[in-house]
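Since the structure comes first, as structure tokens, the remarks are kept for the end.
Protein chains: 2
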Amino acid sequence: MSAGSTRPRTRIQRENRQTILDAALEVFSAQGFRGATLDQIAEVAGLSKPNLLYYFASKEAIYAALLETLLDTWLDPLRAIDPAGDPRAELLGYVRRKLEMSREMPRESRLFANEILQGAPRLGSLLATDLRALVEEKAAVLARWMDEGRLARVHPVHLIFAVWALTQHYADFEVQVRAVLGPEAGDPFPAAQQMLETLFGRLLEGAGGGQSGP
Amino acid sequence: MSAGSTRPRTRIQRENRQTILDAALEVFSAQGFRGATLDQIAEVAGLSKPNLLYYFASKEAIYAALLETLLDTWLDPLRAIDPAGDPRAELLGYVRRKLEMSREMPRESRLFANEILQGAPRLGSLLATDLRALVEEKAAVLARWMDEGRLARVHPVHLIFAVWALTQHYADFEVQVRAVLGPEAGDPFPAAQQMLETLFGRLLEGAGGGQSGP
DNA sequence: TTCATCTTTGACCGGTTGGTCAGCATCACG
DNA sequence: CGTGATGCTGACCAACCGGTCAAAGATGAA
Numbered sequence: 006m007s008a009g010s011t012r013p014r015t016r017i018q019r020e021n022r023q024t025i026l027d028a029a030l031e032v033f034s035a036q037g038f039r040g041a042t043l044d045q046i047a048e049v050a051g052l053s054k055p056n057l058l059y060y061f062a063s064k065e066a067i068y069a070a071l072l073e074t075l076l077d078t079w080l081d082p083l084r085a086i087d088p089a090g091d092p093r094a095e096l097l098g099y100v101r102r103k104l105e106m107s108r109e110m111p112r113e114s115r116l117f118a119n120e121i122l123q124g125a126p127r128l129g130s131l132l133a134t135d136l137r138a139l140v141e142e143k144a145a146v147l148a149r150w151m152d153e154g155r156l157a158r159v160h161p162v163h164l165i166f167a168v169w170a171l172t173q174h175y176a177d178f179e180v181q182v183r184a185v186l187g188p189e190a191g192d193p194f195p196a197a198q199q200m201l202e203t204l205f206g207r208l209l210e211g212a213g214g215g216q217s218g219p
Numbered sequence: 006m007s008a009g010s011t012r013p014r015t016r017i018q019r020e021n022r023q024t025i026l027d028a029a030l031e032v033f034s035a036q037g038f039r040g041a042t043l044d045q046i047a048e049v050a051g052l053s054k055p056n057l058l059y060y061f062a063s064k065e066a067i068y069a070a071l072l073e074t075l076l077d078t079w080l081d082p083l084r085a086i087d088p089a090g091d092p093r094a095e096l097l098g099y100v101r102r103k104l105e106m107s108r109e110m111p112r113e114s115r116l117f118a119n120e121i122l123q124g125a126p127r128l129g130s131l132l133a134t135d136l137r138a139l140v141e142e143k144a145a146v147l148a149r150w151m152d153e154g155r156l157a158r159v160h161p162v163h164l165i166f167a168v169w170a171l172t173q174h175y176a177d178f179e180v181q182v183r184a185v186l187g188p189e190a191g192d193p194f195p196a197a198q199q200m201l202e203t204l205f206g207r208l209l210e211g212a213g214g215g216q217s218g219p
């Protein structure tokens with residue numbers, strides 16, 4: 006009997022489903038949905054192709070299972086922004102968490118990037134509902150901070166876009182980053198962290214355009 | 006005889022090669038290399054598949070021809086930075102040109118993003134040579150401006166990364182941008198332009214950390 | 001040990017894909 | 001107009017891909 010759509014009941018099911026998802030993340034994030042093949046995933050997973058299809062109904066189902074988990078994890082750093090916190094600490098903390106995520110989950114970042122790049126055919130609806138609602142909520146917090154003069158006035162949603170763009174760049178374009186910095190250059194993340202801190206830090210100094218200096 | 010690798014000699018060759026490249030840009034940028042099919046490109050081009058292969062030796066050759074032109078065009082805005090110019094005008098001008106490019110050439114941006122995302126297998130060498138050299142050259146200019154106290158001190162190469170990330174985001178992640186802003190929202194680029202101007206503008210005010218105020 | 005259930009696989013299938021080829025159509029130039 | 005070069009296509013092919021299936025193997029509770 007197929008173990009496809011039901012929740013895992015046995016130890017083997019739990020382990021193998023996870024093994025497959027790991028392998029699929031590896032392959033899908035590097036090749037995109039169409040570029041990836043079941044044979045590649047099977048090889049990385051160390052399982053046979055029919056065995057993959059014993060645990061998941063189809064290639065689509067594997068991909069869907071990956072995306073399902075992904076968006077939630079991906080938005081955790083944004084959710085963690087505390088409306089009652091200090092704007093500087095909250096914004097810079099968000100940037101730091103997001104950059105950390107790019108460093109430690111580059112495959113997830115690339116999977117997401119691939120999906121969006123190709124028009125988000127299997128994620129589109131969630132973007133317009135869940136994602137939009139969360140961004141709207143946090144943008145309102147940013148807007149309030151701007152009203153209170155504690156943050157330079159910019160379009161709050163685009164400010165969030167900026168955080169996404171700058172942090173995800175280091176995962177999605179890692180090859181380019183490394184090529185430009187050169188082979189002898191070490192870990193690019195510390196310098197990235199410092200540069201983002203300066204860039205966003207300046208948005209918090211003397212907000213409103215006036216009150217600079219002690 | 007095949008018209009594959011030689012330079013176009015006749016009017017028909019010039020026209021059809023261009024038609025094919027246009028169609029290929031459309032399809033490759035939306036589906037990636039492996040996701041795109043010759044049949045799709047042929048249909049968009051309004052030509053038969055064997056006819057495509059009369060003008061280009063292979064699918065790879067079409068893709069390579071696209072990339073060849075692309076990197077050069079893509080780096081023009083960076084090349085245009087004038088070492089003798091005013092830091093504010095030069096940096097903000099660069100951001101503006103790059104954002105314009107995202108707006109008017111989103112397909113090229115996505116083609117490039119796709120290639121990098123998948124590890125730049127067909128562009129890697131150029132990144133480490135041509136691209137790296139140009140970035141190195143312009144980073145030196147930025148570094149000098151920082152030495153002169155006319156620009157906040159950040160890692161100059163990462164500053165260039167920031168411009169890339171922020172501007173290309175609006176082309177590569179357009180679907181997400183539109184989903185989050187909502188269907189009734191208009192053109193996102195004016196707000197993006199303003200936000201980038203503020204963000205980078207702050208890097209030029211009171212550089213060095215001290216001389217704020219009139 | 002027994003036996004029902006869960007797990008695994010080799011062989012296979014139909015559809016798609018990049019690419020070939022022989023031959024026909026068209027063009028441009030003398 | 002004639003003719004060689006250029007342009008175009010239907011038919012075809014081998015490789016690949018997602019997915020199926022019958023049957024063999026492993027597992028574990030009674």
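Sequence lines, in order, name chains A and B. Okay, so the first sequence: first residue is 6 according to our numbering, each after it adds one. Okay, so the second sequence: first residue is 6 according to our numbering, each after it adds one. Cβ coordinates follow ideal geometry from the N, Cα and C atoms, glycine included. Please read all numbers here as calculations on a predicted model, not as lab measurements.
Residue 205 of chain A places its beta carbon 8 Å or farther from that of residue 122 of chain A. Contact annotation: residue 43 of chain B and residue 54 of chain B have beta-carbon atoms nearer than 8 Å. Not a single CB atom of chain B sits nearer than 8 Å to the CB of residue 22 of chain A. Just so you know, the alpha carbons of residue 133 of chain A and residue 161 of chain B end up roughly 36 Å apart. Against residue 191 of chain A, chain B offers no close residue; the least beta-carbon distance is about 13 Å (beta-carbon pairs closer than 8 Å).
Only 115, 118, 119, 121, 122, 123, 124, 125, 129, 132, 133 and 136 from the segment 114-136 of chain B bring a Cβ to less than 8 Å from some Cβ of chain A.
Chain B has no Cβ within less than 8 Å of the Cβ of residue 18 of chain A. Two segments are said to touch when three or more pairs of C-beta atoms, one from each, lie closer than 8 Å; by this definition the segment 30-39 of chain A touches the segment 109-128 of chain A. About 7 Å separates the Cβ atoms of residue 157 of chain A and residue 207 of chain B, confirming a contact at the 8 Å cut-off. By the neighbour-count criterion, in which a residue is buried when 16 or more other Cβ atoms sit within 10 angstroms of its Cβ, residue 119 of chain A is buried. Here residue 139 of chain B is not near residue 171 of chain B, since their CB atoms are 8 Å or more apart. Nearest CB-CB separation between residue 182 of chain A and chain B: below the 8 Å threshold.
Under the Cβ criterion of 8 Å, residue 177 of chain B is counted among the residues facing chain A. For residue 40 of chain B, the closest Cβ of chain A is nearer than 8 Å. Counting only unbroken stretches of 4 or more residues, the alpha helix (DSSP H) elements lying wholly within the segment 79-140 of chain A are 92-109 and 111-122, in sequence order. Inter-residue distance for residue 26 of chain B and residue 131 of chain B is about 21 Å (C-alpha atoms, whole angstroms). Under a 10 Å Cβ-count criterion, residue 56 of chain B is classified as exposed, with fewer than 16 other Cβ atoms of the shown protein chains found around its own Cβ. For the segment 146-163 of chain B, the set of positions with a beta-carbon nearer than 9 Å to some beta-carbon of chain A reads 157, 158, 159, 160, 162 and 163 in chain order. The shortest CA-to-CA distance from residue 45 of chain A to any of A:58, A:59, A:60 and A:29 is the one to A:29. Exclusion of the five residues before and after residue 176 of chain A leaves 107, 111 and 114 as the residues of its chain whose Cβ lies within less than 6 Å of its Cβ. Taking the beta carbon of residue 203 of chain A as reference, the chain B residues within 7 Å of it are 157 and 159, listed in sequence order.
For the set B:41, B:50 and B:63, the Cα lying nearest the Cα of residue 21 of chain B is the one of B:50.
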